[in-house]
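Residue numbers 1 to 267, in full-length UniProt numbering, belong to the letters of the sequence shown in order. For every residue, glycine included, the Cβ atom is placed at its ideal position computed from N, Cα and C.
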Amino acid sequence: MAASKFVSWNTHGLNHPVKCGKVFSHLKKSKADVVYLQKTHLRMTDHSRIKQGGFSQIFHSKCHAKCHGSAILIYRDVQFVESKEISDKNGCFVIVPGKLFNIPNNDDQSFFEKIYKNLSTLQATLDSIIMVGDFNTSRQIQTNVILKSGAGINSFRESYNLSDPWRKIHHSYSRIKIFLLENRILPFVTNSQYHTIIISGHSPVQLGICFLDSTVSQRALRLDPLQLSCSAHHGVFLQINCTPDVSHSTVWKSLKAYPRGQLFQLL
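Below, the structure written as structure tokens:
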């Protein structure tokens, strides 16, 4: 199954048509499936400007002023079904339960606590959490005593067992744009990288994840009937492994793999 590509970008304003066009031109070249945009500075009446580039589903914070602005864009080839959309009354964030999450980076700990409260109520219905954005604080949050929001982010990361895959490899704390994933889905990450700084003065961040396709059934082990005719070897195997502390199902599964090992010895 092909990996899904996530891109996060602090655009620093998309009101100018030329700049907006350059941003989406770069996103098209990156072939992103899901895009997280920060600081779009778009009002509700201007959301049509980001309905381009092949992104069929647009989720944008509902803000009436040109401040902040977070958006999540889903490419048309991505199969995504929205179950619910939650927006802050001040238009600072948008949540799509179970799938995507995007917020601004204000230095307001109470604001982050409100976000976490919303996520806590949805935790039972979430398959996984991907938290993305320009956090405006170092990943080594315990050394950052200036920002109150740093403590809130660190608390959330520990509570939900989240990690940044890029820092797992590079061990650097200088970057403030972060992907936070649950540790259990880190093995499915295929790549994580920072692009060149262009257009907005901020570098886009890319993440690739190869999700397992639960609809594909595993191939069953099938043995050649001739392999089962070797009763002498089977008798020895059963004599050794048929004990009271081993279930019959475990013995049967082991027995199906045993002839394969015998064949390897003959090669």
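Quiz item: Run through DSSP, which three-state label would F211 get?
Solution: Coil at F211, not helix or strand.
Practice problem: Output yes or no for whether 8 Å exceeds the beta carbon distance between S70 and L37. | Solution: With a cutoff of 8 Å on beta-carbon distance, S70 and L37 are scored as near each other.
Quiz prompt | DSSP bridge partner residues for K5 (one or two, in chain order) | solution = According to DSSP, K5 shares a beta bridge with G208.
Self-check item: Residues near K51 by beta carbon distance below 8 Å, same chain, minus five either side
Solution: So the list reads I58, once near-sequence residues are dropped.
Self-check item: Exposure of G54, with buried meaning 16 or more beta-carbon neighbours within 10 Å
Solution: Its Cβ having fewer than 16 others within 10 Å, G54 is exposed.
Exercise. Quickly, what does DSSP pair Y194 with across the bridge? List them, please.
Key: DSSP lists V205 as the bridge partner or partners of Y194.
Exercise. Please classify S163: does DSSP put it in a helix, a strand, or coil?
Key: The three-state reading of DSSP puts S163 in strand, counting E and B together.
Quiz item: Since F59 is in the beta strand (DSSP E), which residue starts that stretch and which ends it?
Solution: That run of the beta strand (DSSP E) goes 55-60.
Quiz item: Below 8 Å between beta carbons: does that hold for H41 and K66?
Solution: Yes, the pair counts as a contact, with Cβ atoms nearer than the cut-off.
Self-check item: Contact between the stretch 69-88 and the stretch 25-36 (3+ Cβ pairs under 8 Å)
Solution: Short answer: they touch.
Quiz item: Roughly how many angstroms lie between the CA atoms of R184 and H202, to the nearest whole one?
Solution: For R184 and H202, the distance between alpha carbons rounds to 29 Å.
Practice problem: Give every residue of the same chain whose Cβ lies closer than 7 Å to the Cβ of L14, excluding the five residues on either side of it in the sequence, and list them in chain order. | Solution: The answer, listed in chain order, is C20, V23, T40, H41, L42, R49, I50.
Practice problem: Take F237 and list the residues in its own chain whose beta-carbon comes closer than 7 Å to its own, dropping the five residues that flank it on each side. | Solution: Excluding residues within five positions, the ones whose Cβ falls inside 7 Å are L255, Y258.
Quiz item: Considering only the beta carbon of each residue, do V189 and S8 sit closer than 8 Å?
Solution: Going by C-beta atoms, V189 is not nearer than 8 Å to S8.
Quiz prompt | C-alpha gap between V94 and Q262, whole angstroms | solution = When the Cα atoms are used, V94 and Q262 turn out to be separated by approximately 58 Å.
Practice problem: Give the DSSP-derived three-state secondary structure of I169 in the structure shown. | Solution: I169 sits in a helix when the DSSP states are folded into three classes.
Quiz item: Does the distance from the CB of L207 to the CB of E182 come in under 8 Å?
Solution: Contact flag unset, no.
Practice problem: State the Cα-Cα distance for the pair I209 and P165, rounded to the nearest angstrom. | Solution: Near 11 Å, if we compare the C-alpha coordinates of P165 and I209.
Exercise. Let me know if S192 comes out buried or exposed under the rule of 16 or more other beta-carbons within 10 Å of its beta-carbon.
Key: The residue is buried, with at least 16 neighbouring Cβ atoms inside 10 Å.
Quiz item: N241 by DSSP, collapsed to three states: which one?
Solution: N241 falls in the helix class under three-state DSSP.
Quiz item: Considering only C-alpha positions, which residue in the set R260, N154, F156 is nearest to H234?
Solution: Taking the Cα of H234 as reference, the smallest distance to any Cα among R260, N154, F156 is reached at R260.
Quiz prompt | Own chain residues within Cβ distance below 6 Å of N10, not counting five before or after | solution = These residues qualify, in order along the chain: Q38, K39, D134, H202.
Quiz prompt | Per-residue burial, F211 [other beta carbons within 10 Å of its own, 16 or more giving buried] | solution = Label assigned to F211: exposed.
Exercise. Would you kindly work out how many angstroms separate the C-alpha atoms of I130 and S83, rounded to a whole number?
Key: When the Cα atoms are used, I130 and S83 turn out to be separated by approximately 17 Å.
Quiz item: Is the distance from the Cβ of I199 to the Cβ of H16 below 8 Å?
Solution: No, the pair does not count as a contact, with Cβ atoms beyond the cut-off.
Quiz item: Which one or two residues does DSSP pair with F179 in a beta bridge?
Solution: The beta-bridge partner set that DSSP reports for F179 consists of V132.
Quiz item: Since S48 is in the beta strand (DSSP E), which residue starts that stretch and which ends it?
Solution: Taken as a continuous stretch (DSSP letters only), S48 belongs to no beta strand (DSSP E), as it is neither H nor E.
Quiz item: In whole angstroms, what is the alpha-carbon distance linking K114 and S155?
Solution: C-alpha separation (whole angstroms): 13 Å.
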